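Residue numbers (my numbering), protein chains in the order written: chain C, 580 to 925; chain F, 33 to 430. Glycine included, C-beta positions come from ideal geometry on N, C-alpha and C. Everything numeric in this text was worked out from a predicted model, so none of it was measured. Beneath this line is the structure, given in structure tokens, with notes to follow.
Set out below in structure tokens:
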């Protein structure tokens, strides 16, 4: 890997790099909800797991284990007790990996097309998977057939669960909201407030609404309740002059209620939706950031820096491509909610 | 006028408009570069003759917006009483009820969007108005394209063909956008799109195509529970005896608890101090899935099996066999996109672009609007001859 002394470019934020780095791009990052264990899924078919340790401001990572799929792995999710990891991808299967106990992975879900996102539903002990086959399927991991299959209007692109709220973003800008207490009925279906392809969604921690990010460098903040519609807004981000990059990941800080966006421009930013401010803009890495995640208490923000295919096969050069996972320690000023700036009123 | 900035205006909700006592700056303000609080997307000023909530985006440098000489067909909600929030929601309702009764305005929006706000990724759907269904549909995501490429590579298709296929896809989509831009009156080009969103002026479409409105609480969908077989009430799993132990019995525990070595099928058994037990050498060389030893999980049968689809890669490297890194890849990080095409296919008519994974919505068809008047016949309009009025009924619905 040629590091032309260009660390300033590849890692301008001086984040800690998790090693060994995967051989191909990283498709998802998930921290355990209980401990600082990071799982990364990759286009090299692997699901890898590291234990992250922190002392003060220094970090260390220790690779622990990995499993593989037959084809690129696209998504991952942890069970809420922090013992088990689920992963799924182009092989159209999802595997359950009880890694804390050192068990073998088993296949627990199947779709007719690649699985692009998944989540564990703690209240119901089910895994929900979304796929390009235009369905959501709910799985009791002990059963071979899904507990329920939900038709979607189009291919699933992203989903987010904050029990009992679930938001699903599909192709052609559909956003479907489910109340998981009644999962067979769409609670609400809206068309995205953004004009272009949906890239990511995440539900508010207080379940009042969700964020949606698109390829047009824009994020929409949408509230579910009609009475709160006036609080909806969109904002632009991840743009560089006339270049408009996509927003690839949205993550709420688990404690502060602020959130981070990460984009194909290689930057990640922290925002406060209530005061409508950007809290911090981090420096741009030389490669896009396709995915990111906070750990369970928000003290670590992991992000990947690797090619996301935003410029097609042409710009993929496996010989020189480097996929990195970086860890950033957010400072309080970066993620703490700020009060609204007040000006005189009439 | 007081010199302070109007707070409501910043949030897009000042109801005084030009009469306001506070400052309404019309261009980008440094403290609102993200266009926060803009209920409307940037190019909405044509629908917003009072200049409410003019977006702080960088696109507001058009010649002054508010006095367009077109008929303002918007229903202005007589703003009574409750101030900002009412105004906000009424504006928003207007937005959602954007009936496209003024095609000129819509067309302007589209032109601005496609000129100023073109995202880098081209294989996307598009709508000119938020919360309305797509004008151009047929989304393809990064991952879909990548999965296609990896799959083809596994089958031995050379990189050049892959790049070319992707480029064709892109050209097709760009052409679709161009067609749409030139003749939005014909409605979306995509076949699956329900009839045009630009109804003739005489008729007001009360609901956006697609049959549901953006704010509909309980959309009347056909039954979405299309799960295989008999409906599965959610409670069922509780009552089901847990007979199904998925999969082969676990082999003897592979080691002490905790993160010990991986199951043996994976490679060297005992816990070597090396990094990841099984799959070790992270050779960056191979493009594809990396050095995956024929995974033991293959054989885990069962019920799930390896699933349909490609057979496992028999060998672990050379996924992209004929990749010669240097010539094929001009890593053009510098200039604009590898997907640069300049004059897209003006003569592009109607290939049916079939992409795997996107069975619906990506097929292109040339706008085959019926032709009566010669102006509507034209594939390409020169500036100045673009008709301002809506096309006659005959052309509008496909």
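Could you tell me which chain C residues have their CB closer than 8 Å to the CB of residue i, listed as they occur along the chain?
i	result
residue 436/F	One cannot answer for residue 436/F here, as it falls past the ends of chain F, which runs 33 to 430.
residue 163/F	769, 770, 771, 772
residue 198/F	891, 892, 893
residue 55/F	None at all; the shortest Cβ gap to chain C is about 10 Å.
Residues of chain C with a CB under 7 Å from the CB of residue i: which are they?
i	result
residue 151/F	775, 794, 795, 796, 823, 825
residue 145/F	774
residue 194/F	892
Is the CB-CB distance between residue i and residue j below 7 Å?
i	j	result
residue 165/F	residue 794/C	no
residue 770/C	residue 160/F	no
residue 916/C	residue 871/C	no
residue 787/C	residue 802/C	yes
residue 797/C	residue 815/C	yes
residue 644/C	residue 669/C	no
residue 659/C	residue 612/C	yes
residue 653/C	residue 606/C	yes
residue 155/F	residue 142/F	no
residue 742/C	residue 759/C	yes
residue 746/C	residue 789/C	yes
residue 819/C	residue 837/C	no
residue 752/C	residue 777/C	yes
residue 846/C	residue 861/C	yes
residue 711/C	residue 725/C	no
residue 609/C	residue 680/C	no
residue 626/C	residue 666/C	yes
residue 707/C	residue 664/C	no
residue 880/C	residue 909/C	yes
residue 865/C	residue 662/C	no
residue 767/C	residue 756/C	yes
residue 54/F	residue 36/F	yes
residue 844/C	residue 863/C	yes
residue 709/C	residue 695/C	yes
residue 213/F	residue 146/F	yes
At 7 Å on the CB atoms, spell out the chain F contacts of residue i, in chain order.
i	result
residue 751/C	157, 166, 169, 171, 393
residue 669/C	179
residue 913/C	Those do not exist, as residue 913/C stays about 17 Å from chain F at its closest Cβ, beyond 7 Å.
residue 653/C	175
residue 657/C	Here the premise fails: no neighbours, minimum Cβ distance about 15 Å.
Determine the chain F residues that contact residue i at a beta-carbon separation under 8 Å, and present them in chain order.
i	result
residue 736/C	171, 173
residue 699/C	Those within 8 Å of residue 699/C in chain F number zero; the least Cβ separation is about 15 Å.
Please list, in chain order, the chain F residues whose beta carbon lies closer than 9 Å to that of residue i.
i	result
residue 889/C	152, 153, 174, 369
residue 693/C	175, 176, 179, 389
residue 676/C	By Cβ distance, chain F contributes nothing, its closest Cβ being about 10 Å from residue 676/C, past 9 Å.
Should residue i be counted as a contact of the ligand MG given a C-beta to heavy atom distance under 6 Å?
i	result
residue 588/C	The ligand MG is not part of the structure shown, which contains no ligands of any sort.
Thinking residue i and residue j are a contact (beta carbons under 8 Å), I'd like their distance in whole angstroms, please.
i	j	result
residue 773/C	residue 813/C	6 Å
residue 604/C	residue 886/C	6 Å
residue 601/C	residue 623/C	6 Å
residue 849/C	residue 911/C	At roughly 11 Å, the Cβ-Cβ gap does not stay under 8 Å, so residue 849/C and residue 911/C are not in contact.
residue 646/C	residue 671/C	In fact, because the Cβ distance is near 16 Å, the residues do not count as touching under 8 Å.
residue 174/F	residue 889/C	6 Å
residue 748/C	residue 791/C	6 Å
residue 763/C	residue 817/C	With 8 Å as the limit, residue 763/C and residue 817/C do not qualify as a contact, their Cβ atoms being about 36 Å apart.
For a contact meaning CB atoms closer than 9 Å, what does residue i contact in chain C?
i	result
residue 213/F	Residues of chain C passing the Cβ test: none, with the nearest at roughly 14 Å.
Does the count of Cβ pairs from the region 184 to 199 of chain F and the region 899 to 915 of chain C closer than 8 Å reach three? no
Report the start-end ranges of each beta strand (DSSP E) in the region 646 to 685 of chain C that is 3 residues or longer and not cut off at the edges. Here the runs fully enclosed are 652 to 657, 664 to 668, 672 to 676.
Contact the region 638 to 651 of chain C vs the region 695 to 715 of chain C: 3+ CB pairs below 8 Å: Touching, no, given that fewer than three Cβ pairs across the two stretches are closer than 8 Å.
Counting Cβ pairs, one atom from each stretch, are 3 or more of them under 8 Å apart for the region 829 to 843 of chain C and the region 861 to 877 of chain C? yes
Is there contact between the region 714 to 733 of chain C and the region 678 to 694 of chain C, where contact requires at least three CB pairs shorter than 8 Å? Flag = yes, the region 714 to 733 of chain C and the region 678 to 694 of chain C touch.
Is the number of C-beta pairs between the region 140 to 159 of chain F and the region 735 to 745 of chain C that are closer than 8 Å three or more? The region 140 to 159 of chain F makes no contact with the region 735 to 745 of chain C: fewer than 3 CB pairs, one atom from each, lie closer than 8 Å.
I'd like to know if the region 166 to 176 of chain F and the region 184 to 193 of chain F are in contact, where contact means that at least 3 CB-CB pairs between them fall below 8 Å. no
Please give me, in chain order, every unbroken run of the beta strand (DSSP E) with length at least 3 that falls completely inside the region 757 to 800 of chain C. Runs of the beta strand (DSSP E) inside the region 757 to 800 of chain C: 765 to 770, 777 to 782, 788 to 793.
Which runs of the alpha helix (DSSP H), 4 residues or longer, sit entirely within the region 840 to 887 of chain C? none
With a floor of 4 residues, list each alpha helix (DSSP H) that falls wholly inside the region 602 to 629 of chain C, ordered by position along the chain. none
In chain order, what are the residue ranges of uninterrupted alpha helix (DSSP H) at least 4 long that sit wholly in the region 158 to 198 of chain F? Under the rule that a run must span 4 or more residues, the alpha helix (DSSP H) segments found entirely inside the region 158 to 198 of chain F read 174 to 186.
Going along the chain, which unbroken runs of the beta strand (DSSP E) with 3 or more residues stay wholly within the region 692 to 751 of chain C? 694 to 700, 705 to 710, 714 to 718, 727 to 730, 735 to 741, 744 to 749
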